[in-house]
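S.K.: Chains as they are written, first to last, in this note's numbering: chain S, 1 to 134; chain C, 135 to 268; chain W, 269 to 402; chain B, 403 to 536; chain Y, 537 to 670; chain H, 671 to 804.
Protein chains: 6
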Amino acid sequence: MVYITRKEHFNAAHKLYCTQWTEGENDQVFGKCANPNWHGHNYDLWVTVKGNPDPESGFILNTQVLSKIIKEVITEKLDHRNLNLDIDLGGLQPSSENLAIWIWNTLKSHIPTGELHCIKLQETENIYVEYYGE
Amino acid sequence: MVYITRKEHFNAAHKLYCTQWTEGENDQVFGKCANPNWHGHNYDLWVTVKGNPDPESGFILNTQVLSKIIKEVITEKLDHRNLNLDIDLGGLQPSSENLAIWIWNTLKSHIPTGELHCIKLQETENIYVEYYGE
Amino acid sequence: MVYITRKEHFNAAHKLYCTQWTEGENDQVFGKCANPNWHGHNYDLWVTVKGNPDPESGFILNTQVLSKIIKEVITEKLDHRNLNLDIDLGGLQPSSENLAIWIWNTLKSHIPTGELHCIKLQETENIYVEYYGE
Amino acid sequence: MVYITRKEHFNAAHKLYCTQWTEGENDQVFGKCANPNWHGHNYDLWVTVKGNPDPESGFILNTQVLSKIIKEVITEKLDHRNLNLDIDLGGLQPSSENLAIWIWNTLKSHIPTGELHCIKLQETENIYVEYYGE
Amino acid sequence: MVYITRKEHFNAAHKLYCTQWTEGENDQVFGKCANPNWHGHNYDLWVTVKGNPDPESGFILNTQVLSKIIKEVITEKLDHRNLNLDIDLGGLQPSSENLAIWIWNTLKSHIPTGELHCIKLQETENIYVEYYGE
Amino acid sequence: MVYITRKEHFNAAHKLYCTQWTEGENDQVFGKCANPNWHGHNYDLWVTVKGNPDPESGFILNTQVLSKIIKEVITEKLDHRNLNLDIDLGGLQPSSENLAIWIWNTLKSHIPTGELHCIKLQETENIYVEYYGE
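#1: So the candidates are Asp54(S), Thr124(S) and Asn52(S); which of them puts its Cα closest to the Cα of histidine 9(S)?
#2: Counting only runs that start and end within the segment 576 to 660 of chain Y, where is the alpha helix (DSSP H) found for 4 or more residues in a row?
#3: From histidine 173(C) to leucine 83(S), what distance separates their C-alpha atoms?
#4: Contact between the segment 233 to 246 of chain C and the segment 180 to 197 of chain C is defined here as three or more beta-carbon pairs at a separation below 8 Å; is this criterion met?
#5: Run the CB neighbour count on glutamate 134(S), radius 10 Å, all protein chains shown included, and call it buried at 16 or more, exposed below.
#6: Taking a contact to mean a Cβ-Cβ separation below 8 Å, would you say leucine 357(W) touches asparagine 366(W) in this structure?
#7: If the cut is a Cβ gap below 8 Å, which residues of chain B does alanine 368(W) touch?
#8: Please decide whether arginine 408(B) counts as near chain Y, where near means a Cβ-Cβ distance under 8 Å.
#9: Output needed for isoleucine 387(W): all residues of its chain with C-beta closer than 6 Å, excluding positions within five of it in sequence on either side, in chain order.
#10: What residue range does the alpha helix (DSSP H) around asparagine 428(B) cover?
#11: Mind checking glutamine 629(Y): buried by the 16 CB within 10 Å criterion, or exposed?
#12: Tell me whether threonine 290(W) is buried or exposed, calling it buried when 16 or more other Cβ atoms sit within 10 Å of its Cβ.
#13: Compute the Euclidean distance between the alpha carbons of leucine 255(C) and isoleucine 70(S), then round it to the nearest angstrom.
#14: Indicate whether isoleucine 4(S) and valine 531(B) have their beta-carbon atoms separated by less than 8 Å.
#15: Nearest by alpha-carbon distance to isoleucine 797(H): which of Ile757(H), Ser765(H), His750(H) and Lys702(H) is it?
#16: What does DSSP give as the partner residue(s) for glutamate 142(C) in the beta ladder?
#17: What separation, rounded to the nearest whole angstrom, lies between the Cα atoms of histidine 616(Y) and alanine 549(Y)?
#18: Should proline 589(Y) go down as buried or exposed, given a rule of 16 or more other Cβ atoms within 10 Å for buried?
#19: Could you run through the segment 689 to 708 of chain H and flag, in chain order, every residue whose CB is less than 7 Å away from some CB of chain W?
#20: Under 8 Å, CB to CB, which of the residues in the segment 96 to 126 of chain S have a partner in chain W?
#21: Rounded to the nearest angstrom, how far is the Cβ of histidine 385(W) from that of valine 333(W), given a contact under 8 Å?
#22: In angstroms, rounded to a whole number, what distance separates the CA positions of valine 565(Y) and asparagine 42(S)?
#23: Select from Ser191(C), Leu179(C), Pro189(C) and Lys166(C) the residue whose C-alpha is nearest the C-alpha of isoleucine 208(C).
#24: From the DSSP output, which residues share a beta bridge with alanine 415(B)?
#25: Determine the contact status of arginine 274(W) and serine 325(W), defining contact as a CB-CB distance below 8 Å.
#26: Starting from the C-beta of leucine 480(B), find all residues in its chain whose C-beta is less than 6 Å away, skip the five residues before and the five after it, and write them out in chain order.
#27: Just checking: is the beta-carbon of glycine 174(C) within a distance shorter than 8 Å of some beta-carbon in chain S?
#28: Considering only residues of the same chain and omitting the five flanking positions on each side of leucine 107(S), which have a CB-CB separation below 8 Å?
#29: Using a Cβ cut-off of 7 Å, which residues of the segment 592 to 613 of chain Y contact any Cβ in chain C, in chain order?
#30: Based on the DSSP output, what are the partners of glutamate 800(H) in its beta bridges?
#31: Which value, in whole angstroms, describes the spacing of the CA atoms of asparagine 171(C) and glutamate 344(W)?
#32: Enumerate in chain order the residues of its own chain whose CB-to-CB distance from tyrosine 285(W) is below 7 Å, with the five nearest sequence positions on each side excluded.
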């Protein structure tokens, strides 16, 4: 069992804001992340697939193919978009935690060989999340 | 003459869109950067000051002081903001080029010792601009 | 279950030296790390917490809060300090291994929501350790 | 149980090409990786060893010693070499997957204290593999 | 005058070997870089263009356009190629120095607005060259 | 004229403290950098040499040779040392500014071909200095 990881990238706007809360509650929990006019990030996305290398090609799956799938299914929907307005997260906050789960659920069935193992999403130089589907 | 550089950081939303142009012209020049619901970036900002080290402290200027000034004068105004709506760029596009010039003009008179030499602004892993005030 | 990681930073001096050993033994095991006048490192510290995102905030725990806790409990005690003289490691060497265990034990009870999962401590570009509390 | 990781580096040429396949099949699977005149990469290699820190030295194993072993057993055989012509991979493609397994198998018995835990091999900024010996 | 830089990437094989020299001379100057079966690198290429931002678009030149030009004129010719066999460097060694000059000369006339200012080519984590056309 | 840069590395301890000043003055200027028990850094050092590539070797100077010289003349004297106690900076503070000038002056006459152009010294992720000998 070998694990192969492919990194992709997208840039998006979002804000963290709970409409059921007061301004003060939003400010206390989200601080400047709740600024009404949005802010944004360069997101790095690492997709890890596990499996056995094919005896002829030496590949778990072709990373060119994996890259194409991630772009079609995920990053073309997120890149240069607004994560609150342009993506349907089922009413959840566009936090990195919820976004990683959404990426897992959206991508999982599209992996052609091997099995999706981990979604790692880096929001800033200092913060990233990982989700293993459990 | 020694050059000292301090790196700071801010996250912001923006879009590139020319209101005098048609949709088609905006799309042709700006592509997905013109998406109406904004997108965003993690911006890295390097500020370079030149001068002679003080014979006692060994400093051109104290980088703790420099960091504080950059935060007060620049990044607190840009961080978690919308560069089109929250900053007055005199009607210019919030491109990295125009933003670097704005940072230079805003910061220049606040450098306490030495002289502002360069503003370097990195918008993505693959794109950065530099401005030397000339 | 999602894993969220926050990176912090500190700069410290240390040396590796066993007082029960001869100079020759220290030199053989620790080499230049045993130099009497100390040396130092820029340490990067990644703290990983696991848990379920809150349905309203979307957070396992607020990374602003996590950052504050790590600073108060860990990095303010280590930053610009001497790891042999200023920290009580119970007589153990200030190796990255022992330091990571000390950080885990010191930090664990302060995590407000979720559960501490991993301490990763990077000493140089080429060396890091990880500790999972087991 | 602590995990310590040491990073090493090598530069090598390779191509991915299956002699039993037609040109068209090679082109379809491997694309430009099958170019007959080779291409190459700067490979980053992370070797992770797990164990308990020695109570006197504070080390799982000395990273200076680990570095020397990795160089002697692995990177001196791979650095500035051709992975198809100069290494015996038993007829397998020099993919990162197969190379990581080969590094594990070649290195495992040379770890003096602790136990080999992971081989991570990074081929490009966007692609890496991990192998845990299972 | 603002300077904008776009980073691109290619992976290539090469060797450094002077056919007029003896084996011993090649070995003394080039060491393992002269290994007959080639080796390779992940090359990072930074292209810097200088100019005045357009008052409407805010661009010196569109980095999407610049990226496309660099790919068409430079990296598609170098990526997954052999720098000794597949590129005509006029009989010169495929050193980073000579390669940077070749990239400058090949690219210069294709810059649509602004002026080519610098070619920076990074061969390994520890080595890069810069050429300003002078 | 091409510029070639070689990166080297050293880890050292230091403190910034002016013996002619009161405790209060030291604290005001240097803050935690004046802590009596030292602190330390991982320093990255970039040495840039300019010159014309040799028509046969393609080199301004051999980076293997340059690396050896930097190690012998500079980093072996600084690595795992105390910059206040083990290096003679003529009574000046071991600030990055003064250290870069010292490295320039110490290294300049040892460059065998080409000419020393720049010393860049990075003290932390956020701070670096450059010195061009002027």
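All C-beta atoms, glycine included, are put in the ideal place defined by N, C-alpha and C. Here the structure is a predicted model, which is why all the values come from computation and not from measurement.
M.R.: Put simply:
#1: Comparing Cα positions, the closest option is Thr124(S).
#2: Scanning the segment 576 to 660 of chain Y for uninterrupted alpha helix (DSSP H) segments of 4 residues or longer gives 599 to 606 and 632 to 643, listed from N- to C-terminal end.
#3: Whole-angstrom Cα-Cα distance: 9 Å.
#4: Yes: the two stretches touch, three or more of their Cβ pairs being nearer than 8 Å.
#5: Exposed, because fewer than 16 other Cβ atoms sit within 10 Å of the Cβ of glutamate 134(S).
#6: In this structure, leucine 357(W) lies near asparagine 366(W), with their beta-carbon atoms less than 8 Å apart.
#7: Ordered by position in chain B, the residues that pass the 8 Å Cβ test against alanine 368(W) are Val404.
#8: With 8 Å as the cut-off, arginine 408(B) does not count as an interface residue toward chain Y.
#9: Within the same chain, Cβ atoms closer than 6 Å to the Cβ of isoleucine 387(W) are found at Ala368, Ile371, Trp372 and Tyr399, the five residues on either side in sequence being excluded.
#10: Asparagine 428(B) -> alpha helix (DSSP H) spans 425 to 432.
#11: Flag for glutamine 629(Y) reads buried.
#12: By the neighbour-count definition (other C-beta atoms within 10 Å, threshold 16), threonine 290(W) is an exposed residue.
#13: In this structure, the alpha-carbon of leucine 255(C) lies about 29 Å from that of isoleucine 70(S).
#14: With a cutoff of 8 Å on beta-carbon distance, isoleucine 4(S) and valine 531(B) are scored as near each other.
#15: Nearest neighbour of isoleucine 797(H) by Cα position, chosen from Ile757(H), Ser765(H), His750(H) and Lys702(H), turns out to be Ser765(H).
#16: Per DSSP, the beta bridge partners of glutamate 142(C) are Leu179(C).
#17: Using only the alpha carbons, I get a separation of about 7 Å.
#18: Under this definition proline 589(Y) is a buried residue.
#19: For the segment 689 to 708 of chain H, the residues whose beta carbon sits under 7 Å from a beta carbon of chain W are, in order, Lys702, Cys703, Asn705, Asn707 and Trp708.
#20: Cβ contacts with chain W: Ser96, Glu97, Asn98, Ala100, Ile101, Glu125 and Asn126.
#21: Going by Cβ atoms, the distance from histidine 385(W) to valine 333(W) rounds to 17 Å, so no, they are not a contact pair.
#22: Near 44 Å, if we compare the C-alpha coordinates of asparagine 42(S) and valine 565(Y).
#23: Minimum Cα distance to isoleucine 208(C) is reached at Leu179(C).
#24: Per DSSP, the beta bridge partners of alanine 415(B) are Gly442(B) and Asn484(B).
#25: No, these two residues do not count as a Cβ contact at 8 Å.
#26: Answer for leucine 480(B): Phe412 and Ala414, listed in chain order.
#27: Yes, glycine 174(C) lies at the interface with chain S (some Cβ there is under 8 Å from its Cβ).
#28: Closer than 8 Å at the Cβ level, and outside the excluded window around leucine 107(S), lie Val47, Ile69, Ile70, Val73, Ile74, Leu116 and Ile119.
#29: So the close ones are Glu592, Ser593, Gly594, Phe595, Ile596, Asn598, Thr599 and Gln600.
#30: Its beta-bridge partners are Tyr137(C) and Lys790(H).
#31: Looking at the two C-alpha atoms, the distance is approximately 41 Å.
#32: Here tyrosine 285(W) has Asn294, Phe298 and Ala302 as same chain residues with Cβ atoms under 7 Å from its own Cβ, once five neighbours each way along the sequence are excluded.
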